[in-house]
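S.K.: My structure is below; once you've seen it, I'll send some questions.
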Amino acid sequence: MRHRFSRANGRNALTNSQSRPHIYYEAKIKPYSRNKTVPQNHSPEKTIMPSADRKHRRRSPSPRPQQRLLPQQHKHDDLALDGASFSGAVFNLSTTVVGAGIMALPAAVKQLGMVPGLIVIVLGAIITDASIEMILRFSRASKAASYSGLVGDAFGGVGRTLLQGCIVVNNVSSLVVYMIIIGDVLSGTWSDGVHYPGVMEEWFGQYWWIKRSFLLLLTTLIILAPLISFKRVDSLRYTSALSVGLAVVFVVITAGVAIVKVINGSIGMPRLLPELVDQASFWKLFTTVPIIVTAYICHHNIHPIENELQDPTQMKSIVRTSITLCLIVYVATSFFGFLLFGNHTLDDVLANFDADLGIPYSSLINDVVRVSYCIHLMLVFPMVFFSLRLNLDGLLFPYAIPIAYDNRRFFSVTAALMGFVFLGANFVPSIWDAFQFTGATATVSVGFIFPAAIALRNTHGIATKKDRLVSWVMILVAVSSSTAAISSDIYSIFSSHNGVGAKNVLGVENVLNTCLDLEKDVASSGYGA
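Heads up: the sequence shown at position 118 corresponds to 118 in full-length UniProt numbering, and the numbers run straight through without jumps.
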């Protein structure tokens, strides 16, 4: 239908009675108008806007001033997925807990003795559960969506930066240790001039593609790179379930071998209490506490897992279930590992599976244990890497949009971190040293000191007497064990360097004593006449 327009008072008036005019109320927002004079028949209630002005207003790109104060909502189809399930969250959190620390637990039990060692492992689970419960409760009070946000609410930007630095140090050291173990299992290692072959060398022989650097590069490109490229932690739920299953396989095999050797009488009763010879052996007991704390660390992945849940109120039950599952795995591994190898338990119990176990199919069992745990570490790697990337990005770009919404920044940070871990995997001499130093500093801070400090700060006034008591206990345990562990490590380093000459002297003395004994035996037998 055609419309007739007539110009009246400098405005376009729509004369077609069948068309509905565009009514704009000046009481809300003044419209844009080219005329500075107000017509005589202007009504303060409503105005018929010209079509040119209406088109200009609809195409105006500038937002209202009120909209600039609202948070930006980043809507992306690739991230708008359903919430995570209870079982998926349990597997992800359990995988974060059960890392390489499980291999150091039998050595910790050897230092403490069977009974005190298992008690300390249980106490570690209880304290870890208490610290995570405080983190969840204070996060809801402060409406913080991350661990660093919670610390920032209590201690400001300095506290947030310090926590993020501790998480970065802890996670980087853990990932480097994972890469070292993977390289040792696949390619082998050298220790005191002796070469211990890996499974690939045992299966295929010595070839150029069996070298450590090439196998680690191949593992990084084929397995690790795709897994660390996920932007949601819930995307790792299936690999996490497989990882927990492989840890259980290791426990079952260790328990089975130990039970068989107990039945045939080839192993004896393990030592129940610690062996205290001198003051140094007493202080060395405290070095086991950081190892156990490292085995339970998962605080950095609490908020990423909770933020993706369908029902965030289930997080407390998820934590309890995961800690209980990991406690069972840890107690079984420590008990059967120390029972099986006794005083010959090495710092990394996986190295004990390089020798003959004294049972049928020993070589096959050793290969199954080493390969299954190697795959387990490959599947744990992306869970630890996830929180490492988040916290490093928070340190470098504190005011940028979330890294999951910036593809260029996401892949740049991911590639840089993966390259750093790959290069650093060749410079850590011992798994025990790595876990002792990081556990005595960064890990103890993340797991004990920061949760306790948040409760004692009590910014929102929700801390109870029990919270304050538990917080002081956690700080006392963390500070005392860390001080003793670092002091013992420094003492051991200097003793090892200064004790070389003493060892040589003792060796010469032993040789002389042996020669004297031989001379006495010869003289008494009459061969010297």
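Think of the CB as a built atom: it goes at the ideal place given N, C-alpha and C, for glycine as much as any other residue.
I need the straight-line Cα distance from Y405 to N366, nearest angstrom please.
M.R.: Computed Cα separation, rounded: 45 Å.
S.K.: In angstroms with no decimal places, state the Cα-to-Cα distance between S482 and V115.
M.R.: Distance between the alpha carbons of S482 and V115 is about 22 Å.
S.K.: For the candidate residues L175, S146 and S445, whose alpha-carbon lies nearest to that of L162?
M.R.: It is S445 whose Cα lies nearest to the Cα of L162.
S.K.: Who are the Cβ neighbours of A478 in its own chain at under 7 Å, not counting the five residues just before and after it?
M.R.: Excluding sequence neighbours, A478 sits near V444, F448 and I449.
S.K.: Does the pairing of the stretch 334 to 348 with the stretch 268 to 283 give three or more beta-carbon distances under 8 Å?
M.R.: Touching, per the Cβ criterion.
S.K.: Three Cβ pairs or more, each shorter than 8 Å: is that satisfied between the stretch 247 to 259 and the stretch 406 to 420?
M.R.: No, because fewer than three Cβ pairs between the stretch 247 to 259 and the stretch 406 to 420 fall closer than 8 Å, the two stretches do not touch.
S.K.: Which residues does DSSP pair with A125 in a beta bridge?
M.R.: A125 pairs with nothing; no bridge assigned.
S.K.: Note down, in chain order, each residue of its chain lying with its Cβ closer than 6 Å to the Cβ of G183, except the 5 sequence neighbours on either side.
M.R.: Only R212 and L216 meet the Cβ criterion.
S.K.: State buried or exposed for I135, treating a residue as buried only when at least 16 other CB atoms are found within 10 Å of its CB.
M.R.: I135 comes out buried.
S.K.: Compare the beta carbon distance of V120 and I292 with 9 Å and say whether it is the shorter of the two.
M.R.: Yes.
S.K.: Helix, strand or coil, according to DSSP, for A84 in the structure here?
M.R.: Note: A84 maps to strand in three-state DSSP.
S.K.: Can you tell me the Cβ-Cβ gap for I305 and V233, rounded? I've got them flagged as a contact below 8 Å.
M.R.: Indeed, because the Cβ distance is near 6 Å, the residues count as touching under 8 Å.
S.K.: I need the boundaries of the alpha helix (DSSP H) containing A247, first residue and last residue.
M.R.: From DSSP, the alpha helix (DSSP H) with A247 extends over R237 to I263.
S.K.: S480 and S240: beta carbons closer than 9 Å?
M.R.: The answer is no: Cβ separation not under 9 Å.
S.K.: What are the residues that DSSP puts in a beta bridge with L309?
M.R.: In DSSP, L309 forms a bridge with A84.
S.K.: Going by other Cβ atoms of all chains shown within 10 Å of its Cβ, with 16 needed for buried, is D153 buried or exposed?
M.R.: Burial call: buried.
S.K.: Quick check: the stretch 349 to 358 against the stretch 103 to 110, are at least 3 beta-carbon pairs closer than 8 Å?
M.R.: Contact between the stretch 103 to 110 and the stretch 349 to 358 is present, because at least three Cβ pairs lie under 8 Å.
S.K.: Cα separation between V185 and I222?
M.R.: Roughly 17 Å separates the two Cα atoms.
S.K.: Give the C-beta separation of F386 and N458 to the nearest angstrom, bearing in mind that I take them to be a contact with Cβ-Cβ under 8 Å.
M.R.: That pair is no contact at about 30 Å.
S.K.: Between the alpha carbons of residue 543 and S131, how many angstroms are there, rounded?
M.R.: Outside the modelled stretch of the chain, which goes from 1 to 529, sits residue 543, for which no answer is possible.
S.K.: Let me confirm a value: P274 is counted as buried when at least 16 other C-beta atoms fall within 10 Å, else exposed. Which label applies?
M.R.: The residue is buried, with at least 16 neighbouring Cβ atoms inside 10 Å.
S.K.: Taking a contact to mean a Cβ-Cβ separation below 9 Å, would you say T294 touches S174 in this structure?
M.R.: Cβ distance < 9 Å, so T294 and S174 count as in contact.
S.K.: Does T128 pass the burial test, meaning 16 or more other C-beta atoms within 10 Å, or should it be called exposed?
M.R.: It is buried - the Cβ of T128 has at least 16 other Cβ atoms within 10 Å.
S.K.: Indicate the three-state DSSP secondary structure (helix, strand or coil) for T321 in the structure shown.
M.R.: T321: helix per DSSP, three-state reduction.
S.K.: Could you give the residue range of the alpha helix (DSSP H) that holds W203?
M.R.: That run of the alpha helix (DSSP H) goes V199 to F204.
S.K.: Is it true that the CB of Y178 sits closer than 9 Å to the CB of G99?
M.R.: Result yes, Cβ atoms of G99 and Y178 sit closer than 9 Å.
S.K.: Would you decide whether A108 is buried or exposed? Buried here means 16 or more other CB atoms lie within 10 Å of its CB.
M.R.: Under this definition A108 is a buried residue.
S.K.: Using a 10 Å radius around the Cβ and a threshold of 16 neighbouring Cβ atoms, would you call residue 537 buried or exposed?
M.R.: Residue 537 falls outside the range modelled here, since the chain spans only 1 to 529, and no answer is possible.
S.K.: In chain order, what residues of the same chain lie with their CB nearer than 7 Å to the CB of L150, ignoring the 5 residues before and after it?
M.R.: Closer than 7 Å at Cβ, skipping near neighbours: I135, F138, S139, S142, A144 and I454.
S.K.: Output needed for S372: all residues of its chain with C-beta closer than 7 Å, excluding positions within five of it in sequence on either side, in chain order.
M.R.: Counting only Cβ-Cβ distances below 7 Å, and skipping sequence neighbours, we find L246, V249 and F250.
S.K.: Relative to the C-alpha of T96, which candidate in P290, S322 and S146 has its C-alpha closest?
M.R.: Taking only the C-alpha atoms, the option nearest T96 is S322.
S.K.: Could you give the residue range of the alpha helix (DSSP H) that holds H300?
M.R.: Here H300 belongs to no alpha helix (DSSP H), and DSSP marks it neither H nor E.
S.K.: What are the uninterrupted segments assigned as alpha helix (DSSP H) that are 4 or more residues long and contained completely in the stretch 90 to 148, given in chain order?
M.R.: Here the runs fully enclosed are 105 to 112 and 114 to 142.
S.K.: For a test of the three-state rule: what should DSSP assign to G419, helix, strand or coil?
M.R.: Looking at G419 - three-state DSSP - the assignment turns out to be helix.
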